[in-house]
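Input: a single structure, listed below in structure tokens.
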Amino acid sequence: MNKILIVHTSWYEEEITKMIDISVEILEQKFTCVKAKAPGAIELAALAKSKMHKENYVGVICHGIVIRGETSHYDLVTNETFRSIGSLSENFFDIAVINNVLCVENTTQLLERLEKNTRNNTNALISLINEKSC
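Under the working numbering, residues 1 to 134 are what the sequence shown spells out, in order.
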């Protein structure tokens with residue numbers, strides 16, 4: 001069976017667990033899901049790359065949450081996270097890579113977007129896998 005790597009952060013554990021559960025619910029009918037936990041959003045791509053060098057995956061989805069604070073840390077984390085996940089998808093161009101890192105202003109926005117974005121991005125992963133397999 002084809003394997004999917006679900007890489008997720010350790011921050012906001014309850015919400016991340018919901019994201020993982022949604023993805024597994026959608027994916028488990030066709031794929032075997034393997035999970036890996038990164039300390040934070042910046043480490044998602046590096047952890048995924050490490051796992052991808054050791055095992056074969058048809059797809060990777062990165063789950064994370066970044067909530068704006070009072071410093072420039074938010075901008076640095078979001079920019080670097082998106083850049084590194086984009087670079088991962090370019091370097092592993094035969095593998096479907098989806099970024100489901102939610103960057104929000106507050107927890108209200110997070111709760112409004114979590115389920116819809118995660119479902120949409122997980123389904124996008126399946127579509128990308130199908131497209132790349134043609």
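Here a beta-carbon is modelled for each residue, glycine too, at the ideal position from N, C-alpha and C.
Since we're looking at a predicted model, the values are computed, not measured.
Comparing alpha-carbon positions, the option among Gln109, Ala124, Ile26, Thr32 lying closest to Val66 turns out to be Gln109. Val60 is positioned such that its CB atom lies closer than 8 Å to that of Ile95. By the neighbour-count criterion, in which 16 or more other beta carbons inside 10 Å mark a residue as buried, Cys103 falls on the buried side. In its chain, beyond the 5 residues on either side, Leu114, Glu115, Thr118 have a beta carbon closer than 8 Å to the beta carbon of Lys18. Burial is judged here by how many other beta carbons sit within 10 angstroms of a residue's own beta carbon; Gly40 has fewer than 16 and is exposed. Boundaries cannot be given for Ala41, as no beta strand (DSSP E) includes it and DSSP labels it neither H nor E. A Cβ-Cβ contact shorter than 8 Å links Asn100 with His63. For Thr81, the enclosing alpha helix (DSSP H) begins and ends at 73–91. Here DSSP, grouped into helix, strand and coil, assigns Ile4 to strand.
Burial check for Leu76: the Cβ neighbour count within 10 Å stays below 16, so the residue is exposed.
In this chain, the beta strand (DSSP E) harbouring Ile65 covers 59–67.
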